[in-house]
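>
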């Protein structure tokens, strides 16, 4: 099931190996300015390589400045409205202050971790197993990749829809006002400055959506892929005996009886033994025409060694996942806690404007679902990792 194996157990149920599991996330990482030193495409002229690197660093700096300067402006706004005692204005300004400072923190954090994250992604692309060991049943990790890709698309679009709808609300209402009501040291509604300030705030809102979406989708993607690798490991362990018989030249009839027995026994004994993958019967006629290994003991030993290597790969990736996300989740948990408190308070005690309520419900829903993503996927990964002995 590794990169040097180009065997498919079934034409329709076992797709070919994916060369890059993180293509969508890598593109998003480049768009949100968290790749200060990207690898330029092959068609980029060699003599302009330095210019491309400089442009990437300039764009990264612009993204960081946009988030942090809006955070500073909302901090000033919060300090200005505190003496008034208007709770709705105070909570609104404080909520946006937290959001933009966390956006700046997230951008800076992934910029500093960009090389380590790239090495992590390349390691997973190189070493992941796209299906279990050859046996009478198999699972394909392509389902985990497809699930993670679909989730990333839906989550990113949901985050962008939520923040952009807030950003374009003045245009929808046809009023000359800014989407973000914060302090400026000049007349932000002036004929010259209005367009520039509006574009900056809209760009800041898009950055909020991409930063929040990237962190959550990256964590869920890595969790789903590792859960898929655990499923591959469990199916491989279940098929150790069948794998040995298959390589040893067992007849197709004998393997078919073993296949029926294994599928029937497991369907009656245990439900939900796999988290993200689905077990399928192997096309025995297709595989039985392959290589034979007369030494049963050697075939069993090699298969067991491969399972141990896969387990070590999963444990290494899980440890690296924890190392990458521990500082991020520490600040993220604080941000979610404060943001939930402020959003719920504003929703209960604020005005009853329809557009305002819709925007607040969007932010509240995205925040609650983001909390669910980190806790639920982490719990699945933690619980599923201890089932190797059962398998």
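Residue numbers (the working numbering): 329 to 719. We put the beta carbon where it would ideally sit given N, CA and C, even for glycine. As the structure is a prediction and not an experimental result, all values here were calculated from the model.
For residue 524, count neighbouring C-beta atoms within 10 Å of its own C-beta (all shown protein chains included) and say buried if the count is 16 or more, exposed if not.
What you label residue 524 is simply residue 196 of the chain shown in a count that begins at 1. By the 10 Å Cβ count, residue 524 comes out exposed.
> Give the C-beta separation of residue 509 and residue 642 to the nearest angstrom, bearing in mind that I take them to be a contact with Cβ-Cβ under 8 Å.
Position 181 of the chain shown holds residue 509. Position 314 of the chain shown holds residue 642. Contact doesn't hold; Cβ gap of about 49 Å is too wide.
> Would you grab the beta carbon distance between residue 495 and residue 530 for me? Rounded to a whole angstrom, and I think it's under 8 Å.
The residue you call residue 495 lines up with position 167 of the chain shown. The residue you call residue 530 lines up with position 202 of the chain shown. Their Cβ separation, rounded to whole angstroms, is 4 Å, which keeps residue 495 and residue 530 in contact under 8 Å.
> Secondary structure at residue 702, three-state DSSP: helix, strand or coil?
Here residue 702 refers to the residue found at position 374 of the chain shown. The answer is helix: DSSP assigns residue 702 an H, G or I state.
> Under a three-way DSSP split, which group does residue 468 fall into?
By one-based count along the chain shown, residue 468 stands at place 140. Looking at residue 468 - three-state DSSP - the assignment turns out to be strand.
> Compute the Euclidean distance between the alpha carbons of residue 583 and residue 345, then round it to the nearest angstrom.
Taking the chain shown and counting its residues from 1, the one referred to as residue 583 is at position 255. Taking the chain shown and counting its residues from 1, the one referred to as residue 345 is at position 17. Roughly 26 Å between the two C-alpha positions.
> Residue range of the alpha helix (DSSP H) that residue 519 falls in?
One-based indexing of the chain shown puts residue 519 at position 191. Here residue 519 belongs to no alpha helix (DSSP H), and DSSP marks it neither H nor E.
> Does the pairing of the stretch 646 to 661 with the stretch 453 to 473 give three or more beta-carbon distances under 8 Å?
Verdict: no, contact absent.
> So residue 388 packs on residue 364, CB below 8 Å; how close in whole Å?
For the purposes of this step, residue 388 is taken as the residue at position 60 of the chain shown. For the purposes of this step, residue 364 is taken as the residue at position 36 of the chain shown. Contact holds; Cβ gap of about 5 Å.
> Helix, strand or coil, according to DSSP, for residue 507 in the structure here?
Within the chain shown, numbered from 1, the residue matching residue 507 stands at position 179. Coil at residue 507, not helix or strand.
> Which of the three DSSP states is assigned to residue 364 in this structure?
Residue 364 sits at position 36 when you count from the first residue of the chain shown. Coil at residue 364, not helix or strand.
> Looking at the structure shown, is residue 609 part of a helix, part of a strand, or coil, going by DSSP?
Within the chain shown, numbered from 1, the residue matching residue 609 stands at position 281. Strand at residue 609.
> I'd like the list of long-range same chain contacts for residue 347, defined as Cβ closer than 8 Å, with 5 residues on each side in sequence excluded.
Taking the chain shown and counting its residues from 1, one reaches residue 347 at position 19. Excluding positions up to five away in sequence, the list reads 453.
> Considering only residues of the stretch 552 to 585, which uninterrupted alpha helix (DSSP H) runs meet the minimum length of 4 residues and lie entirely inside it, listed in chain order?
For the stretch 552 to 585, whole alpha helix (DSSP H) runs of length 4 or above, ordered along the chain, are 568 to 575.
> Going by Cα to Cα distance, which pick from 638, 612, 703, 626 is closest to residue 335?
What you label residue 335 is simply residue 7 of the chain shown in a count that begins at 1. Residue 612 is the option with its Cα nearest to residue 335.
> Roughly how many angstroms separate the alpha carbons of residue 521 and residue 507, rounded to a whole number?
The residue labelled residue 521 in the question sits at position 193 within the chain shown. The residue labelled residue 507 in the question sits at position 179 within the chain shown. If I take the Cα positions, the gap works out to 14 Å.
> Tell whether a beta-carbon distance below 8 Å holds between residue 660 and residue 543.
Locating residue 660 in the chain shown gives position 332, where the first residue counts as 1. Locating residue 543 in the chain shown gives position 215, where the first residue counts as 1. Yes, the Cβ-Cβ distance between residue 660 and residue 543 is below 8 Å.
> In terms of DSSP beta bridges, what is residue 459 paired with?
For the purposes of this step, residue 459 is taken as residue 131 along the chain shown, with counting starting at 1. Partner(s): 468.
> Determine, using beta carbons only, whether residue 609 and residue 464 come nearer to each other than 8 Å.
In the chain shown, counting from the first residue as 1, residue 609 sits at position 281. In the chain shown, counting from the first residue as 1, residue 464 sits at position 136. A contact, by the Cβ cut-off of 8 Å.
> Roughly how many whole angstroms lie between the Cα atoms of residue 352 and residue 577?
Position 24 of the chain shown, counted from the first residue, corresponds to residue 352. Position 249 of the chain shown, counted from the first residue, corresponds to residue 577. About 43 Å.
> Do residue 383 and residue 406 have their CB atoms nearer than 8 Å?
By 1-based counting over the chain shown, the position of residue 383 is 55. By 1-based counting over the chain shown, the position of residue 406 is 78. Contact: no.
> Which residues bound the alpha helix (DSSP H) around residue 338?
Your numbering for residue 338 matches position 10 in the chain shown. Where residue 338 is concerned, there is no enclosing alpha helix (DSSP H), given that its DSSP letter is neither H nor E.
> According to the Cβ coordinates, are residue 606 and residue 471 closer than 8 Å?
As a first step, residue 606 is located in the chain shown; it is residue number 278 there, counting from the start. As a first step, residue 471 is located in the chain shown; it is residue number 143 there, counting from the start. Cβ atoms of residue 606 and residue 471: closer than 8 Å.
> Based on Cα-Cα distance, which residue from 581, 566, 667, 649 lies nearest to residue 632?
Walking along the chain shown from the start, residue 632 turns up at place 304. Nearest option by C-alpha distance: 566.
> Leaving out five residues before and five after residue 615 in sequence, what residues of the same chain have Cβ atoms less than 7 Å from its Cβ?
Against the chain shown, residue 615 aligns to sequence position 287. Counting only Cβ-Cβ distances below 7 Å, and skipping sequence neighbours, we find 337, 462, 574.
> To the nearest angstrom, how far is it from the Cα of residue 569 to the Cα of residue 714?
Start at 1 with the first residue of the chain shown, and residue 569 comes out as number 241. Start at 1 with the first residue of the chain shown, and residue 714 comes out as number 386. Distance between the alpha carbons of residue 569 and residue 714: 22 Å.
> Counting along the chain, where does the alpha helix (DSSP H) carrying residue 496 start and finish?
The count along the chain shown starts at 1 and reaches residue 496 at position 168. Note, residue 496: premise wrong, no alpha helix (DSSP H); not H, not E.
> Report back the beta-carbon spacing between residue 537 and residue 488 to the nearest angstrom; my notes put them in contact at under 8 Å.
Within the chain shown, numbered from 1, the residue matching residue 537 stands at position 209. Within the chain shown, numbered from 1, the residue matching residue 488 stands at position 160. Going by Cβ atoms, the distance from residue 537 to residue 488 rounds to 4 Å, so yes, they are a contact pair.
> For residue 646 versus residue 560, is the C-beta distance shorter than 8 Å?
The count along the chain shown starts at 1 and reaches residue 646 at position 318. The count along the chain shown starts at 1 and reaches residue 560 at position 232. No; because the gap between Cβ atoms is not below 8 Å, this pair is not in contact.
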